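Student: In short: position in the sequence shown from 1, add 9, done, that's my numbering. The C-beta atom is built at its ideal place from N, Cα and C for all residues, glycine as well. As the structure is a computational prediction, the values presented were derived from the model and not from experiment. Pasting a structure here, questions to come.
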Amino acid sequence: MSCNTCGTKGGCSSTHPGCKSNGSCGTSGCDKLEVFDWLAGMNSTHEPNTSLEVRFKNTRKEFFFNEKGLPLQKGDVISVESNTGFDVGVVSIAGELVKIQMKKKGVTSEGLKKVYRKATQEDIDMWSGAQAMENEAMVKTRRIVSDLGLKMKISDVKFQADKNRATFFYIAEERVDFRELIKVLADTFKVRVEMKQIGSRQEAGLVGGIGSCGRELCCSSWLTDFRSVSTSAARYQQLSINPMKLAGQCGKLKCCLNYELDAYMDALKEFPSAKARLKTKRGTAFHQKSDIFRGMMWYSYEDSPSEFIPMKVDRVREVLRLNEDGKPVDDLKEYSYVTPETSDRDFENVIGQDDVARFDSQSNQFNKKRAKSKGRKKNPNKPKSK
Numbered sequence: 010m011s012c013n014t015c016g017t018k019g020g021c022s023s024t025h026p027g028c029k030s031n032g033s034c035g036t037s038g039c040d041k042l043e044v045f046d047w048l049a050g051m052n053s054t055h056e057p058n059t060s061l062e063v064r065f066k067n068t069r070k071e072f073f074f075n076e077k078g079l080p081l082q083k084g085d086v087i088s089v090e091s092n093t094g095f096d097v098g099v100v101s102i103a104g105e106l107v108k109i110q111m112k113k114k115g116v117t118s119e120g121l122k123k124v125y126r127k128a129t130q131e132d133i134d135m136w137s138g139a140q141a142m143e144n145e146a147m148v149k150t151r152r153i154v155s156d157l158g159l160k161m162k163i164s165d166v167k168f169q170a171d172k173n174r175a176t177f178f179y180i181a182e183e184r185v186d187f188r189e190l191i192k193v194l195a196d197t198f199k200v201r202v203e204m205k206q207i208g209s210r211q212e213a214g215l216v217g218g219i220g221s222c223g224r225e226l227c228c229s230s231w232l233t234d235f236r237s238v239s240t241s242a243a244r245y246q247q248l249s250i251n252p253m254k255l256a257g258q259c260g261k262l263k264c265c266l267n268y269e270l271d272a273y274m275d276a277l278k279e280f281p282s283a284k285a286r287l288k289t290k291r292g293t294a295f296h297q298k299s300d301i302f303r304g305m306m307w308y309s310y311e312d313s314p315s316e317f318i319p320m321k322v323d324r325v326r327e328v329l330r331l332n333e334d335g336k337p338v339d340d341l342k343e344y345s346y347v348t349p350e351t352s353d354r355d356f357e358n359v360i361g362q363d364d365v366a367r368f369d370s371q372s373n374q375f376n377k378k379r380a381k382s383k384g385r386k387k388n389p390n391k392p393k394s395k
């Protein structure tokens with residue numbers, strides 16, 4: 010990923026430590042696999058770290074041991090050890106920051122797989138050839154799944170660089186017995202098969218797309234922590250429970266419903282309970298809706314539910330205090346919020362009121378008089394017509 014406006018001065022995979030464009034470059038910022046190396050360029054008094062973080066397809070990241078002490082840095086394409094053969098990936102972190110990431114994820118340096126070498130042209134050609142096989146393999150696998158009658162969906166396929174192993178990502182709502190499928194896939198592609206189940210949100214992140222907000226999906230651009238979202242998040246934010254509008258590309262509730270939920274929860278603490286009824290001499294009024302930003306609540310009487318009475322929060326609390334003392338108010342309209350009247354304008358907009366041809370009649374009369382006076386001056390001795 011690279012563009013002329015990228016803050017990394019040469020692309021997001023360059024050796025410059027991190028992007029400083031904050032999403033304003035031509036590529037809308039680096040993807041969620043990019044890491045800002047804030048420890049780069051610092052002189053360390055310790056021995057250089059021999060561990061690396063390497064990224065692969067589909068947000069997969071692993072730590073590897075640089076046994077040979079190769080001069081590797083962020084963005085280098087390297088060949089690494091795998092359970093069967095070797096694989097090719099891109100260095101995402103190198104240096105002291107790797108220790109912090111390993112500690113954060115609870116990974117120790119013991120038992121790390123090794124880094125073989127910087128990827129040669131032959132390694133890159135094999136890697137590119139394996140990637141070219143993935144789309145066709147996914148289509149063929151879906152056809153096989155349909156023939157076997159399995160209730161599962163193949164979302165993606167990832168081949169190892171040496172083509173000895175393939176990982177099939179699938180979605181299934183129920184438990185699936187795919188032992189027969191593994192045999193067919195191993196016989197068809199001549200590889201070691203690994204099945205990995207993912208969720209619908211993870212699939213949306215793999216596929217990508219544009220959200221209803223007009224921006225790239227959060228799950229495909231930066232979001233990695235998929236937290237559960239409930240319909241109560243929409244209720245607290247006074248949103249209509251419309252599944253078509255609240256559901257994302259994955260078919261689940263949008264993750265962005267949680268982004269401002271805490272702010273709404275804090276604001277609602279200043280509001281009285283919506284279950285509280287307001288008692289008046291006219292009758293009992295119940296809550297209809299609230300406006301958190303304006304600090305207002307709307308109530309209506311039981312006998313006229315279509316007539317909404319707007320009230321400020323402090324006025325609602327005042328009525329509730331009177332009700333607790335056993336003093337019902339006369340009418341809620343005495344406590345309702347009155348919209349301040351706007352001052353009348355002391356000017357008028359006359360554009361379009363007058364006709365552009367309003368001077369035509371006057372100018373025509375003036376031209377006729379002028380023509381008559383000119384005719385008299387040219388031939389003053391001309392006899393008058395009888």
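Going by the CB atoms, is the gap between lysine 290 and phenylalanine 317 shorter than 9 Å?
Tutor: Here residue 317 corresponds to residue number 308 of the sequence shown, with the count starting at 1. Here residue 290 corresponds to residue number 281 of the sequence shown, with the count starting at 1. The answer is no: Cβ separation not under 9 Å.
Student: Is there a C-beta anywhere in chain D that falls below 9 Å from the one on methionine 147?
Tutor: Protein chains in the displayed structure number just one, and chain D is not present.
Student: Using the C-alpha atoms, what's the distance from glutamate 212 back to serine 230?
Tutor: Position 221 of the sequence shown, counting from 1, holds the residue named residue 230. Position 203 of the sequence shown, counting from 1, holds the residue named residue 212. Their Cα atoms are separated by approximately 13 Å.
Student: To which residues of the same chain is asparagine 92 closer than 8 Å at the C-beta, ignoring the five residues directly before and after it?
Tutor: As a working mapping, residue 92 is identified with position 83 in the sequence shown. Counting only Cβ-Cβ distances below 8 Å, and skipping sequence neighbours, we find Arg174.
Student: Should the region 330-349 be called in touch with the region 275-294, which here means at least 3 C-beta pairs below 8 Å?
Tutor: Result yes; three or more Cβ-Cβ pairs closer than 8 Å.
Student: Please classify alanine 141 as buried or exposed, where buried requires at least 16 other C-beta atoms within 10 Å of its C-beta.
Tutor: Residue numbering aside, residue 141 sits at position 132 when the sequence shown is read from its first letter. Its Cβ having fewer than 16 others within 10 Å, alanine 141 is exposed.
Student: Using the rule of at least 16 other Cβ atoms within 10 Å of the residue's Cβ for burial, across every protein chain shown, is aspartate 132 buried or exposed?
Tutor: The residue you call residue 132 lines up with position 123 of the sequence shown. Aspartate 132 is buried by the Cβ-count criterion.
Student: Can you confirm whether the region 103-114 touches the region 157-171 when touching is taken to mean that 3 or more C-beta pairs between the two stretches lie within less than 8 Å?
Tutor: No: fewer than three Cβ pairs fall under 8 Å.
Student: Cα separation between threonine 68 and valine 124?
Tutor: By one-based count along the sequence shown, residue 68 stands at place 59. By one-based count along the sequence shown, residue 124 stands at place 115. Distance between the alpha carbons of threonine 68 and valine 124 is about 20 Å.
Student: Tell me the DSSP secondary structure of glycine 214 in three-state form.
Tutor: The count along the sequence shown starts at 1 and reaches residue 214 at position 205. Helix, per DSSP.
Student: Report all residues from its chain with a CB closer than 6 Å to the CB of methionine 306; omit the five preceding and five following residues, and keep chain order.
Tutor: One-based indexing of the sequence shown puts residue 306 at position 297. Once the five neighbours on either side are set aside, the close Cβ partners of methionine 306 are Ser299, Met320, Val325.
Student: Exposed or buried, which one is threonine 150 when buried takes at least 16 other CB atoms within 10 Å?
Tutor: Translated into the one-based positions of the sequence shown, residue 150 becomes position 141. Threonine 150 should be labelled buried.
Student: Would the beta-carbon of glutamate 105 fall within 9 Å of that of asparagine 75?
Tutor: As a first step, residue 105 must be located in the sequence shown, where it is residue number 96. As a first step, residue 75 must be located in the sequence shown, where it is residue number 66. Not in contact: glutamate 105 and asparagine 75 (Cβ atoms no closer than 9 Å).
Student: Taking 8 Å as the cut-off, is the beta-carbon of threonine 293 closer than that to any non-hydrogen atom of the ligand GDP?
Tutor: Questions concerning the ligand GDP fall outside what the structure shown contains, since it holds no ligand whatsoever.
Student: Which residue comes first and which comes last in the beta strand (DSSP E) that contains alanine 256?
Tutor: For the purposes of this step, residue 256 is identified with residue 247 of the sequence shown, where counting begins at 1. Where alanine 256 is concerned, there is no enclosing beta strand (DSSP E), given that its DSSP letter is neither H nor E.
Student: Go through its chain and collect everything with a Cβ distance to phenylalanine 65's Cβ below 6 Å, but skip five positions before and after it.
Tutor: One-based indexing of the sequence shown puts residue 65 at position 56. Counting only Cβ-Cβ distances below 6 Å, and skipping sequence neighbours, we find Gly98.
Student: On the three-state DSSP scale, how would you describe leucine 287?
Tutor: Counting from 1 along the sequence shown, the entry for residue 287 is found at position 278. Leucine 287: strand per DSSP, three-state reduction.
Student: Expressed to the nearest angstrom, what Euclidean distance is found between the alpha-carbon atoms of methionine 135 and glycine 260?
Tutor: What you label residue 135 is simply residue 126 of the sequence shown in a count that begins at 1. What you label residue 260 is simply residue 251 of the sequence shown in a count that begins at 1. If I take the Cα positions, the gap works out to 37 Å.
Student: At 4 residues or longer, what runs of the alpha helix (DSSP H) sit wholly inside the region 282-353?
Tutor: Listed in chain order, they are 322-333.
Student: Please report the distance separating the alpha-carbon of serine 239 from that of alanine 128.
Tutor: Counting from one through the sequence shown, the residue named residue 239 turns up at place 230. Counting from one through the sequence shown, the residue named residue 128 turns up at place 119. Rounded to the nearest angstrom, the two C-alpha atoms are 46 Å apart.
Student: Excluding sequence positions up to five away, which residues of its chain have a Cβ less than 7 Å from the Cβ of glutamate 62?
Tutor: The residue you call residue 62 lines up with position 53 of the sequence shown. Same-chain partners within the cutoff: Lys70, Phe72, Ser101, Ile102, Val107, Gln110.
Student: Can you tell me whether methionine 1 is helix, strand or coil according to DSSP?
Tutor: Within the shown structure, residues of the chain are numbered from 10 to 395, placing residue 1 beyond reach of any answer.
Student: Can you find at least 3 beta carbon pairs, one from the region 267-283 and one from the region 233-253, that sit closer than 8 Å?
Tutor: Yes: the two stretches touch, three or more of their Cβ pairs being nearer than 8 Å.
Student: Quick one: give me the first and last residue of the alpha helix (DSSP H) that glycine 138 is part of.
Tutor: Within the sequence shown, numbered from 1, the residue matching residue 138 stands at position 129. Per DSSP, glycine 138 belongs to the alpha helix (DSSP H) from 130-157.
Student: Quick check on glutamate 189: does DSSP put it in helix, strand or coil?
Tutor: Taking the first residue of the sequence shown as position 1, residue 189 is located at position 180. Here glutamate 189 sits in helix by DSSP.
Student: Nearest-angstrom Cα distance between leucine 190 and valine 154?
Tutor: Walking along the sequence shown from the start, residue 190 turns up at place 181. Walking along the sequence shown from the start, residue 154 turns up at place 145. Roughly 7 Å between the two C-alpha positions.
Student: How many whole angstroms separate the CB atoms of asparagine 332 and leucine 287, which I take to be in contact at a CB cut-off of 8 Å?
Tutor: Sequence index remark: in the sequence shown, residue 332 carries index 323 (1-based). Sequence index remark: in the sequence shown, residue 287 carries index 278 (1-based). 7 Å between Cβ atoms; contact.
Student: At what residues does the alpha helix (DSSP H) containing leucine 106 begin and finish?
Tutor: Position 97 of the sequence shown, counted from the start, is the residue given in the question as residue 106. Counting along the chain, the alpha helix (DSSP H) containing leucine 106 begins and ends at 106-113.
Student: Over the uninterrupted beta strand (DSSP E) stretch that includes alanine 103, give me the two end residues.
Tutor: Start at 1 with the first residue of the sequence shown, and residue 103 comes out as number 94. Alanine 103 -> beta strand (DSSP E) spans 95-103.
Student: If you compare alpha carbons, which of Thr348, Tyr179, Ser241, Glu90 is closest to valine 216?
Tutor: Stepping through the sequence shown from its first residue, residue 216 is reached at position 207. When each option's Cα is compared against that of valine 216, the closest is Tyr179.
Student: So the beta strand (DSSP E) arginine 201 belongs to, where does it begin and stop?
Tutor: Along the sequence shown, read from residue 1 onward, the residue named residue 201 stands at position 192. Run containing arginine 201: 201-206, per the beta strand (DSSP E) assignment.
Student: When the Cα of glutamine 169 is compared with those of Ile207, Glu90, Thr197, Gln130, which residue comes out closest?
Tutor: Your numbering for residue 169 matches position 160 in the sequence shown. Checking every option, the nearest Cα to that of glutamine 169 belongs to Glu90.
Student: Could you check what DSSP says for aspartate 165 in three-state terms: helix, strand or coil?
Tutor: Here residue 165 refers to the residue found at position 156 of the sequence shown. Strand, per DSSP.
Student: Pick helix, strand or coil for serine 221, following the three-state DSSP scheme.
Tutor: As a working note, residue 221 is residue 212 in the sequence shown. DSSP places serine 221 in coil when its eight states are reduced to three.
Student: Short check: CB of leucine 255 to CB of leucine 266, under 9 Å?
Tutor: As a first step, residue 255 must be located in the sequence shown, where it is residue number 246. As a first step, residue 266 must be located in the sequence shown, where it is residue number 257. Contact: yes.
Student: Just reading off the beta strand (DSSP E) that tyrosine 179 is part of, what are its end residues?
Tutor: Counted from its first residue, the sequence shown places residue 179 at position 170. Taken as a continuous stretch (DSSP letters only), the beta strand (DSSP E) holding tyrosine 179 covers 174-180.
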